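Encoded as structure tokens, the structure appears first; notes follow it.
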Amino acid sequence: MGALKGTARAGTKGNEEAVIAAAILVPAQMMIADHLYLTELNREELAKEATLAWPRCAYVEKEQQAIVFQPMISLAELRKQRSKQKEQE
Numbered sequence: 001m002g003a004l005k006g007t008a009r010a011g012t013k014g015n016e017e018a019v020i021a022a023a024i025l026v027p028a029q030m031m032i033a034d035h036l037y038l039t040e041l042n043r044e045e046l047a048k049e050a051t052l053a054w055p056r057c058a059y060v061e062k063e064q065q066a067i068v069f070q071p072m073i074s075l076a077e078l079r080k081q082r083s084k085q086k087e088q089e
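If you're matching positions, the sequence shown starts at 1 in full-length UniProt numbering and goes up one per residue.
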């Protein structure tokens, strides 16, 4: 896993369950399905953030209908929750 410091897109065919993950996740712009995240940080602040970053993932939180960032360790729990939801459908 590496660093993501620019623009990333996932779920380009409308897949809101797509996940973006990186060892250093400090995107300037990110899009998952039709949900857009734009940073409010300038270039210098993004560079500083990258030195302090830890492994994270980003995904669309269904209730908020927005992209959220979580520590990478939470990815396993997210996958379990989504599997349960699919089984119930």
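Every residue gets a Cβ at the ideal spot worked out from N, C-alpha and C, and that includes glycine.
Being a predicted model, the structure only gives us computed values, none of them experimental.
Out of curiosity, what's the CA-to-CA distance linking residue i and residue j?
i: residue 32; j: residue 20; result: 8 angstroms
i: residue 30; j: residue 88; result: 30 angstroms
i: residue 36; j: residue 46; result: 18 angstroms
i: residue 79; j: residue 43; result: 33 angstroms
i: residue 25; j: residue 53; result: 7 angstroms
i: residue 9; j: residue 62; result: 18 angstroms
i: residue 2; j: residue 85; result: 30 angstroms
i: residue 82; j: residue 41; result: 31 angstroms
For residue i, does the count of other Cβ atoms within 10 angstroms reach 16, so buried, or fall short, so exposed?
i: residue 68; result: exposed
Which residue from the options puts its Cα closest to that of residue i?
i: residue 5; options: 38, 14, 83 and 77; result: 38
i: residue 22; options: 35, 82 and 50; result: 50
i: residue 64; options: 25, 16, 24 and 1; result: 16
i: residue 74; options: 58, 12 and 1; result: 58
Please work out which residues of its chain come closer than 8 angstroms, Cβ to Cβ, to residue i, disregarding the five sequence neighbours upstream and downstream, and give them in chain order.
i: residue 56; result: 21, 22, 25, 69, 70, 71 and 72
Can you find the residues in the same chain that come closer than 7 angstroms, C-beta to C-beta, to residue i, ignoring five residues on each side of it along the sequence?
i: residue 28; result: 6, 7, 39 and 46
Excluding the five sequence neighbours on either side, which residues of its own chain have a C-beta within less than 6 angstroms of the C-beta of residue i, listed in chain order?
i: residue 14; result: 33
i: residue 18; result: 10, 11 and 32
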